[in-house]
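**Student:**
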Amino acid sequence: MLDKNEETQTSKNSTDFKVDLFDLTCLLVTTCYISTLAVILKTANEKPWVNEFESVELSCMIESITTSHPRIEWKKIKNGEPSYVYFEKEIAGDLEKRAKIREPATLVILNATRSDTADYRCEVTAPSDLKSFDEILISLVVRVKPVVPRCSVPKSVPVGKPAELHCVEDEGYPKSQYQWFRNKEEIPEDPKTSPKFLNSTYTLNGEMGTLKFSAVRKEDAGDYYCRARNEAGFSECGPQLMEVYDINIAGIILGVVVVVTVLLCITVGIFCAYKRGYFTSQKQTGNNYKAPAKGDGLDYVRTEDEGDFRHKSSFVI
9 MLDKNEETQT
19 SKNSTDFKVD
29 LFDLTCLLVT
39 TCYISTLAVI
49 LKTANEKPWV
59 NEFESVELSC
69 MIESITTSHP
79 RIEWKKIKNG
89 EPSYVYFEKE
99 IAGDLEKRAK
109 IREPATLVIL
119 NATRSDTADY
129 RCEVTAPSDL
139 KSFDEILISL
149 VVRVKPVVPR
159 CSVPKSVPVG
169 KPAELHCVED
179 EGYPKSQYQW
189 FRNKEEIPED
199 PKTSPKFLNS
209 TYTLNGEMGT
219 LKFSAVRKED
229 AGDYYCRARN
239 EAGFSECGPQ
249 LMEVYDINIA
259 GIILGVVVVV
269 TVLLCITVGI
279 FCAYKRGYFT
289 SQKQTGNNYK
299 APAKGDGLDY
309 VRTEDEGDFR
319 HKSSFVI
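Take the sequence shown: its position 63, counting from 1, is numbered 71 in this note's numbering, and each next residue is one higher.
#1: Using 8 angstroms as the threshold, is the segment 76-92 in touch with the segment 164-180, meaning 3 or more CB pairs across them?
#2: Please check the pair residue 64 and residue 99, which I expect to be a contact at CB under 8 angstroms, by giving their CB distance rounded to whole angstroms.
#3: Going straight from the alpha carbon of residue 223 to that of residue 273, what length do you get?
#4: In this structure, does DSSP put residue 90 in helix, strand or coil?
#5: I need the DSSP call for residue 246, collapsed to helix, strand or coil.
#6: Quick one: measure Cβ to Cβ for residue 154 and residue 243, integer angstroms, because I've assumed they're closer than 8 angstroms.
#7: Does the distance from the C-beta atom of residue 138 to that of residue 49 stay below 8 angstroms?
#8: Looking only at its chain, what residues have a beta carbon closer than 7 angstroms to the beta carbon of residue 362, apart from the 5 residues adjacent to it on each side?
#9: Decide if the segment 155-172 is in contact with the segment 246-253; the criterion is three or more beta carbon pairs, one per stretch, under 8 angstroms apart.
#10: With DSSP collapsed to three states, give me the class of residue 254.
#11: In chain order, what residues of the same chain lie with their CB nearer than 7 angstroms to the CB of residue 126, ignoring the 5 residues before and after it?
#12: Measuring straight from C-alpha to C-alpha, what distance separates residue 101 and residue 92?
#13: Alpha carbon to alpha carbon, what distance is there between residue 204 and residue 225?
#14: How would you call residue 124, buried or exposed, if buried means at least 16 neighbouring beta carbons within 10 angstroms?
#15: Would you kindly check if the distance between the Cβ of residue 146 and the Cβ of residue 51 is under 8 angstroms?
#16: Shortest alpha-carbon distance to residue 191 belongs to which of 134, 246, 214?
#17: When you compare only the Cα positions, how much space is there between residue 213 and residue 188?
#18: Can you check which of these residues, 255, 194, 88, 143, is closest to residue 47 by C-alpha distance?
#19: Can you give the Cα-Cα distance for residue 278 and residue 230, rounded to whole angstroms?
#20: Considering only their Cβ atoms, is the gap separating residue 133 from residue 68 smaller than 8 angstroms?
#21: Using the C-alpha atoms, what's the distance from residue 53 back to residue 8?
#22: Distance, Cα to Cα, residue 89 vs residue 128?
#23: Thinking C-alpha only, which one of 270, 284, 241, 55 is nearest residue 185?
#24: How close, in whole Å, do the beta carbons of residue 233 and residue 219 come, if the pair is a contact with beta carbons under 8 angstroms?
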């Protein structure tokens, strides 16, 4: 048999248990009651993506609501600035004629473009509900396939000299990564990973699209092209031939000697001709006439007639 104190303690424990159970029941009932009087939203995908020119759903599902005709709005938030996409049961803004609402609140973009990359907010207002407003944010990424990249390949490079190949593309989203190919075979980022490129002295930057040779070898000659790619696809430029030639040192020296010899001969020839008077000229006219020397004691006097002379007596001792 239980003594009086034990009976009192047992009764107290039983009472406490009943109170706790009652509180829990009230809490559950209250929670359920509030839930049935609250608008609650959910989405199937908070970060959807789509390729450009394809369709995409921005899921906004009403999980709980009691209001018969709630107000549904969609807003597009880009660069921190919101704008209406769906307002007063009409598609608005830059999605007009390119989107629709799938009941009750899902937004469907029919022909997504790169400008549609943004955050979208679904807002539902239910005046009859105890919690009358809820919203959900969805981040959409529209992936854009790269366009044909612009490739720059040197036409010819001497052996042992550096060379740079460039590849760039600005339209793809997300940002393109680059691959280089020689004679239809991909060039690895690390030449040591391939026997064919083991002795090559190059560095390849897949983010910038550059392929740099520190010293070109004869084996580096070939047709080069670049591929730009991202999650949406890839594009390639056409192959371009890079020739590698040897430098003929003996030929260069011989050519220099020949040029110097020719210039020396021309200089000597000009000097000799000048010394012999080939570059001096005398022009004689009547005014420059020099009278003949006096050898017979007679003076020759010029008359008015050109070329007619007469003798003039001179005193001779």
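Just so it is clear, CB atoms sit at the ideal spot from N, CA and C, and this is done for glycine as well. Owing to the predicted nature of the structure, the values given are computational and were not obtained by experimental measurement.
**Tutor:** Reading off the structure:
#1: no
#2: Rounded, the Cβ-Cβ distance is 15 angstroms, inconsistent with contact.
#3: 40 angstroms
#4: strand
#5: coil
#6: 5 angstroms
#7: no
#8: No answer is possible for residue 362: it lies beyond the span of the chain, which begins at 9 and ends at 325.
#9: yes
#10: coil
#11: 84, 85, 86, 148
#12: 6 angstroms
#13: 13 angstroms
#14: buried
#15: yes
#16: 246
#17: 10 angstroms
#18: 143
#19: 51 angstroms
#20: no
#21: Missing from the structure shown is residue 8; the chain here goes from 9 to 325 and no further.
#22: 11 angstroms
#23: 241
#24: No, residue 233 and residue 219 are not in contact; Cβ-Cβ is about 11 angstroms, not under 8 angstroms.
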